[in-house]
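Asker:
Number of protein chains: 2
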Amino acid sequence: MKVIFKIWLEENGVVAFSEGRKMLLEAIDRLGSLNAASKELGMSYRAAWGKVKATEKALGAKLLNVTTGGKGGGGAVLTQEAKELLSKYKKYKKRIAILTEKEFKRFFK
Amino acid sequence: MKVIFKIWLEENGVVAFSEGRKMLLEAIDRLGSLNAASKELGMSYRAAWGKVKATEKALGAKLLNVTTGGKGGGGAVLTQEAKELLSKYKKYKKRIAILTEKEFKRFFK
DNA sequence: ATTCATTATGTCATAAATGACATAACGATG
DNA sequence: CATCGTTATGTCATTTATGACATAATGAAT
Chain B
281 MKVIFKIWLE
291 ENGVVAFSEG
301 RKMLLEAIDR
311 LGSLNAASKE
321 LGMSYRAAWG
331 KVKATEKALG
341 AKLLNVTTGG
351 KGGGGAVLTQ
361 EAKELLSKYK
371 KYKKRIAILT
381 EKEFKRFFK
Chain E
281 MKVIFKIWLE
291 ENGVVAFSEG
301 RKMLLEAIDR
311 LGSLNAASKE
321 LGMSYRAAWG
331 KVKATEKALG
341 AKLLNVTTGG
351 KGGGGAVLTQ
361 EAKELLSKYK
371 KYKKRIAILT
381 EKEFKRFFK
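Protein chains in written order, with our numbering: chain B, 281 to 389; chain E, 281 to 389.
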């Protein structure tokens with residue numbers, strides 16, 4: 281038997297940040313493109329874009345600096361705010377994972 | 281902004297115990313009847329029964345001692361194993377809730 | 001001005017989870 | 001041995017979440 285957990289942030293009752301959005305932002309950061317990120321994650325561009333938009337709305341913050349046109353068609357890079365959110369979330373999640381596992385052993389083994 | 285989490289136990293990749301099942305077992309324990317418990321929780325008997333059955337299968341353990349017939353038609357009471365599981369889960373969940381909140385304040389405030 | 005790969009967005013389809021419906025089986029009680 | 005409220009279980013419907021499709025807009029580069 282093992283323990284599984286999901287953790288996310290909410291603002292006014294709607295999801296503001298979660299694991300899926302973390303992965304998406306990471307991919308955008310690495311690839312410089314929302315379109316490329318969506319492909320890498322095996323989801324449609326539409327779905328990826330919707331997640332970014334939903335997060336921005338929930339947080340009232342801009343996550344991406346986007347450009348269109350030119351050779352390559354444009355791209356997207358994370359705002360400073362997005363980078364900070366991503367960093368905090370990752371550290372927090374990691375910490376909770378450790379604690380969850382530690383306590384699980386204490387209670388169930 | 282606030283943090284939300286869900287935590288559950290899995291055995292061989294399938295859910296073995298979770299918050300909903302906790303509430304169901306608590307209601308059965310209090311009411312002495314799966315049917316009454318399902319009504320209290322606002323779910324169909326079928327759904328409640330399915331949860332119990334799924335849990336028993338996942339854990340390979342018997343959770344309820346059931347009787348049918350007689351005045352009142354029968355009923356269900358928790359086995360010792362179910363009581364122990366319930367107790368452990370509640371304590372564990374409580375502990376994780378405290379830690380999650382504490383760490384949230386530390387990281388995001 | 002044309003091109004091109006991107007971002008932007010509305011609408012529709014599909015899948016997965018959840019619950020509802022119907023019906024059988026049970027068995028102590030009277 | 002008929003009754004009654006419970007447990008037991010298959011099947012069907014509904015809701016909800018997720019992704020797919022289609023199409024427009026953008027704007028630097030050529």
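The beta-carbon is built from N, C-alpha and C at its ideal position, and this holds for glycine as well.
Starting from the C-beta of E/F297, find all residues in its chain whose C-beta is less than 7 Å away, skip the five residues before and the five after it, and write them out in chain order.
Answerer: The answer, listed in chain order, is W288, L289, T335, L365, Y369.
Asker: Could you list which residues in chain E have their beta carbon closer than 9 Å to that of B/I378, in chain order?
Answerer: Result: empty, since nearest Cβ-Cβ is about 10 Å, beyond 9 Å.
Asker: Need the endpoints of the alpha helix (DSSP H) that B/N315 sits in, please.
Answerer: Taken as a continuous stretch (DSSP letters only), the alpha helix (DSSP H) holding B/N315 covers 314-320.
Asker: State yes or no: is the beta carbon of B/L289 nearer than 8 Å to at least one beta carbon in chain E?
Answerer: True, the Cβ-Cβ gap to chain E drops below 8 Å.
Asker: Indicate whether E/A362 and E/L344 have their beta-carbon atoms separated by less than 8 Å.
Answerer: Yes. Within cutoff.
Asker: For B/L343, which three-state DSSP category applies?
Answerer: Coil, per DSSP.
Asker: Taking C-beta pairs closer than 7 Å, name the residues in chain B that E/R375 reaches, listed in chain order.
Answerer: Under the 7 Å cutoff, chain B gives E383.
Asker: Is it buried or exposed, B/S313, if we count other Cβ atoms within 10 angstroms and call 16 or more buried?
Answerer: B/S313 comes out buried.
Asker: Pull up the distance between the alpha-carbon of B/K302 and that of E/E383, whole angstroms please.
Answerer: Near 19 Å, if we compare the C-alpha coordinates of E/E383 and B/K302.
Asker: Mind listing the chain E neighbours of B/Y372? Cutoff is C-beta to C-beta under 9 Å, in chain order.
Answerer: Chain E residues near B/Y372: V283, E383, F384, R386, F387, F388.
Asker: Beta-carbon of B/K337 versus every beta-carbon of chain E: anything under 8 Å?
Answerer: So, not an interface residue.
Asker: E/K373: buried (16+ other C-beta within 10 angstroms of its C-beta) or exposed?
Answerer: So E/K373 ends up on the buried side.
Asker: Go ahead and label E/V294 buried or exposed: buried means 16 or more other beta carbons lie within 10 angstroms of its beta carbon, across all protein chains shown.
Answerer: Looking at its Cβ environment, which holds fewer than 16 other Cβ atoms inside 10 Å, E/V294 is exposed.
Asker: How about E/A391: is its C-beta nearer than 8 Å to some C-beta of chain B?
Answerer: Absent from the structure is residue 391 of chain E, since the part of chain E shown begins at 281 and ends at 389.
Asker: Leaving out five residues before and five after E/T348 in sequence, what residues of the same chain have Cβ atoms less than 6 Å from its Cβ?
Answerer: Answer for E/T348: G354, listed in chain order.
Asker: Report the rounded CA-to-CA distance for E/Q360 versus E/L305, giving the unit in angstroms.
Answerer: Taking the straight line from one Cα to the other gives about 12 Å.
Asker: Let me confirm a value: E/K286 is counted as buried when at least 16 other C-beta atoms fall within 10 Å, else exposed. Which label applies?
Answerer: Burial call: exposed.
Asker: Could you have a look at B/G416 and say whether DSSP puts it in helix, strand or coil?
Answerer: Residue 416 of chain B lies beyond the residue range present for chain B, which begins at 281 and ends at 389; the question has no answer from this structure.
Asker: Looking at the unbroken beta strand (DSSP E) that takes in E/K282, where does it start and where does it end?
Answerer: Where E/K282 is concerned, the enclosing beta strand (DSSP E) stretches over 282-291.
Asker: Where do the N-terminal and C-terminal ends of the alpha helix (DSSP H) with E/T380 fall, by residue?
Answerer: Unbroken alpha helix (DSSP H) run through E/T380: 360-388.
Asker: So is B/A296 in contact with chain E if we call contact Cβ pairs under 8 Å?
Answerer: Judged by the 8 Å Cβ criterion, B/A296 is in contact with chain E.
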